[in-house]
Each structure stands twice: as structure tokens, then as C-alpha cells.
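First comes the structure, then the notes that go with it.
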Amino acid sequence: MAAITRHQSNQKLSRVVVHGETVYLSGLTAEDKTVDTEAQTRQVLARADELLAGVGTDRSKLLLTQIYLRDTGDFDAMNRAWIDWLGEAAPPARITVGADFALAEIRVEILFTAAL
Amino acid sequence: MAAITRHQSNQKLSRVVVHGETVYLSGLTAEDKTVDTEAQTRQVLARADELLAGVGTDRSKLLLTQIYLRDTGDFDAMNRAWIDWLGEAAPPARITVGADFALAEIRVEILFTAAL
Amino acid sequence: MAAITRHQSNQKLSRVVVHGETVYLSGLTAEDKTVDTEAQTRQVLARADELLAGVGTDRSKLLLTQIYLRDTGDFDAMNRAWIDWLGEAAPPARITVGADFALAEIRVEILFTAAL
Chain R
1 MAAITRHQSN QKLSRVVVHG ETVYLSGLTA EDKTVDTEAQ TRQVLARADE
51 LLAGVGTDRS KLLLTQIYLR DTGDFDAMNR AWIDWLGEAA PPARITVGAD
101 FALAEIRVEI LFTAAL
Chain D
117 MAAITRHQSN QKLSRVVVHG ETVYLSGLTA EDKTVDTEAQ TRQVLARADE
167 LLAGVGTDRS KLLLTQIYLR DTGDFDAMNR AWIDWLGEAA PPARITVGAD
217 FALAEIRVEI LFTAAL
Chain W
233 MAAITRHQSN QKLSRVVVHG ETVYLSGLTA EDKTVDTEAQ TRQVLARADE
283 LLAGVGTDRS KLLLTQIYLR DTGDFDAMNR AWIDWLGEAA PPARITVGAD
333 FALAEIRVEI LFTAAL
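Here is the structure:
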């Protein structure tokens, strides 16, 4: 059987779970939630880089990204940060929908699946 | 090619699909929808145990859990049931967002991906 | 390591990503968004057929389908198109929730994971 490894676990979740060659990250939100959607997205993406690096992979190995926006009117703002970040890296499959969050100041939350 | 097996299928969906060593469950809601979010979550988690057991795996092999709440104000109520259930089991990656459901009395729906 | 291939990529996403034997499609919406939910769903499903065929698989190999509806009151309308399409094909695991979209006329968006 393929091995399962978990990283940065607490009583509710693991920030990163690796199963075989597939990497699942928990939903990521910005550390500083006082800023706008574009800035929150940049923080989320920087955090994804750190977590992916922690298991030896990176943004060029993304498979699927599920993006949740509090306000779908922020689609273009999110995309500015996203396109800058992705740059020359290979783009994953992606979906973006609007959703509510438990904290009022969260503008965006992103769920990543990647390959090792 | 890795085998695909389906379990408890109807004309719309299969409750469990196994592909290679990865297990996908359909979104689970409580059987008794007259109760509050914490109690609905406990029902969902008990149903997940049954479905995982049916293909020879269990809650210690969860990879990713996507939790949808009708009211994100119920985040703590959901978490009480979740933390009790997870106990010493290894936590999966997780995301929780607010969403609407087709039935007004559904308070929580959970989508699980697990390993065999 | 399992190979990753990407198809129909732009600067934001790839319409199809294949990793090993798993296929991830980006969220699909109808081309003609002036029609109702049932008709939009039929368009989405026809588009899924094309994308799956492009990598040598088909609707009989679906693993997981995540369906987002603008109005959960359209659940039955979506299901009519879904059940017609699925026909004798093997049903995937599935979840359906309500969500907002960036374009007001989008009634339904569907995210597919399939096997090769």
C-alpha cells in the first residue's frame, strides 16, 4: 500500500497529507486578514509555496485548485495575484465559486491538490 | 490500469467509489435532519465509518475532508463532533466553507477522500 | 514518478490535467448561459465528454463529481440532465451544493475527477 504521511497536524486537521504521489493541502487563508482580496490571495499563495516545499514539491506540480471567494466580484482581484504567482509554472485544473467563511474578514480560501 | 469499484450505486451516484488505493465517498448528510448541527455531524461521521468499513478502510486513513455548513456560525458545533470522532486517529487535510443545500433542514454535508 | 500532462492550458488554468491514472477537469460551465439550468447542465456534460475523450477516457470512468448550483431549487432540473446523460454508465461519487458564481447567468458549474 502507498504510504500516508501527515505534516503540521493538530486535533482537527493536517496542513499537508501525502498519499503515494498525491499531496493534499488543507484550505489556506491569509494570516493578515485585514487586507483586500488580492493581498489575501498573495499571502495564501506564499503559504502554499512553503507547505509544498516542506514535502519536496512546488507550484509546478499543482493538479487541482479549488478557490472560494466571499464576494465573486473579487474574481479579477484574485486572478491578478494568481496569474503573477503562477507565472511560467504549469497551470492546474481550477474552479472558483463563491462561499461563506467562519470568519467575516476572510475574503478567499484556496484548496490545493498537487503531485510529489 | 487500476481497478474501479463502485458500491451502493443508484441512478445518480455511487455512495463509495474505489480507484486503485483511493476511496471517494459521496457527500454525506444526516439521516435525521430535525436535529442541530452537532448532532447532524455525529450522524454523518457514523455513516462515514460504515461506508469506509464496507471497503475495508477506516477513519485513520482519511486524506481530505471538505465540510459544507449551512451557517458558518455552526463552525464550533461541527468541530465538537469532529474532534470527538477523530480522537487519536490521524487528521486529514480539511476545508470548511458555508454553502446552501437542496433541503432546508440540512445543516452540514461532508465529502471524504480516503486511502484503502 | 507518475507523469503529469496538461491540456488546453491558458495563463490561469488547464482544462484537463492527468496525473498517473487520475484525470482532473477544471470547473465546467455552459457555453450558452442564456438557457435554464437543465439546458446548461446538458451543455456542461457534453463538454465533459469532449474533454474526457481528449485524453482517452469517458463518462464510464468518473470517480467524483462536485456540482455547484446557483439555486438549489434547481436540483431536480439538474438531475434530469444528469440521469439522462449517465444512463447505463457507472455512477461516480457525487456532491451537490449551492454556491455563487462570478457571472450572474451561470446556473450550474461541475467539477469532475475521472480515471484514465
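One line per chain: the protein sequences are R, D and W, in this order.
Using the working numbering, the first residue of the first sequence is number 1, and each one after it goes up by one.
Using the working numbering, the first residue of the second sequence is number 117, and each one after it goes up by one.
Using the working numbering, the first residue of the third sequence is number 233, and each one after it goes up by one.
All C-beta atoms, glycine included, are put in the ideal place defined by N, C-alpha and C.
query: Should Ala-220/D go down as buried or exposed, given a rule of 16 or more other Cβ atoms within 10 Å for buried?
result: What you label residue 220/D is simply residue 104 of the second sequence in a count that begins at 1. That one is exposed.
message: Measuring alpha carbon to alpha carbon, tell me which residue in Val-276/W, Leu-295/W and Met-233/W is nearest Thr-22/R.
response: Counting from 1 along the first sequence, the entry for residue 22/R is found at position 22. The candidate whose alpha carbon is nearest that of Thr-22/R is Met-233/W.
- prompt: Quick one: Cα of Ala-169/D to Cα of Leu-161/D, how far?
  reply: If you number the second sequence from 1, residue 169/D lands on position 53. If you number the second sequence from 1, residue 161/D lands on position 45. Each residue's Cα considered, the two are about 12 Å apart.
message: Please tell me whether Tyr-140/D and Leu-296/W are closer than 8 Å, where the distance is taken between their beta carbons.
response: Mapped onto the second sequence, residue 140/D falls at position 24. Mapped onto the third sequence, residue 296/W falls at position 64. Yes. Within cutoff.
task: Tell me whether Ile-52/R sits in a helix, a strand or coil according to DSSP, three-state version.
output: Working through the first sequence from its first residue, we reach residue 52/R at position 52. As written in the sequence, residue 52/R is Leu, which differs from the Ile given in the question. Note: Leu-52/R maps to helix in three-state DSSP.
Within chain W, the residues that Ala-230/D reaches when beta carbons sit closer than 7 Å: Start at 1 with the first residue of the second sequence, and residue 230/D comes out as number 114. Within chain W, no residue comes near Ala-230/D; the closest Cβ sits about 11 Å away, beyond 7 Å.
task: Determine the DSSP secondary structure at Glu-137/D, reduced to helix, strand or coil.
output: Position 21 of the second sequence, counting from 1, holds the residue named residue 137/D. If DSSP states are grouped into helix, strand and coil, Glu-137/D belongs with coil.
message: Just to confirm before moving on: does the CB-CB distance between Thr-72/R and Gly-56/R stay below 8 Å?
response: Position 72 of the first sequence, counted from the first residue, corresponds to residue 72/R. Position 56 of the first sequence, counted from the first residue, corresponds to residue 56/R. No, these two residues do not count as a Cβ contact at 8 Å.
field: Inter-residue spacing [alpha-carbon to alpha-carbon] between Gly-27/R and Val-108/R
entry: Mapped onto the first sequence, residue 27/R falls at position 27. Mapped onto the first sequence, residue 108/R falls at position 108. Cα to Cα, Gly-27/R sits roughly 10 Å from Val-108/R.
field: chain R residues whose Cβ lies nearer than 7 Å to that of Phe-333/W
entry: Reading the third sequence from its first residue, position 101 is the one you call residue 333/W. By Cβ distance, chain R contributes Thr-72, Val-97 and Gly-98.
message: Any beta carbon of chain D sitting closer than 8 Å to that of Arg-274/W?
response: Counting from 1 along the third sequence, the entry for residue 274/W is found at position 42. So no, Arg-274/W is outside the interface.
- prompt: Closest to Asp-200/D by CA distance: which of Arg-163/D, Val-133/D, Thr-157/D and Ala-119/D is it?
  reply: If you number the second sequence from 1, residue 200/D lands on position 84. Among Arg-163/D, Val-133/D, Thr-157/D and Ala-119/D, the Cα nearest to that of Asp-200/D is on Thr-157/D.
message: Using only CA atoms, which one of Ala-322/W, Arg-302/W, Glu-282/W and Phe-333/W lies nearest to Val-248/W?
response: The sequence position of residue 248/W within the third sequence is 16, counting from 1. If we check each option's Cα against that of Val-248/W, Glu-282/W comes out closest.
field: Neighbour list for Glu-337/W in chain R, Cβ cutoff strictly below 9 Å
entry: The count along the third sequence starts at 1 and reaches residue 337/W at position 105. By Cβ distance, chain R contributes nothing, its closest Cβ being about 13 Å from Glu-337/W, past 9 Å.
task: Pull up the CB-CB distance for Ala-231/D and His-7/R, whole angstroms please, since I reckon it's below 8 Å.
output: In the second sequence, the residue the question calls residue 231/D occupies position 115. In the first sequence, the residue the question calls residue 7/R occupies position 7. At roughly 16 Å, the Cβ-Cβ gap does not stay under 8 Å, so Ala-231/D and His-7/R are not in contact.
message: Please list the terminal residues of the continuous alpha helix (DSSP H) segment that includes Ala-197/D.
response: The count along the second sequence starts at 1 and reaches residue 197/D at position 81. Per DSSP, Ala-197/D belongs to the alpha helix (DSSP H) from 191 to 202.
Under 7 Å by beta carbon: chain R residues contacting Lys-244/W: For the purposes of this step, residue 244/W is taken as the residue at position 12 of the third sequence. Simply Asn-79, Trp-82, Ile-83, Pro-91 and Arg-94.
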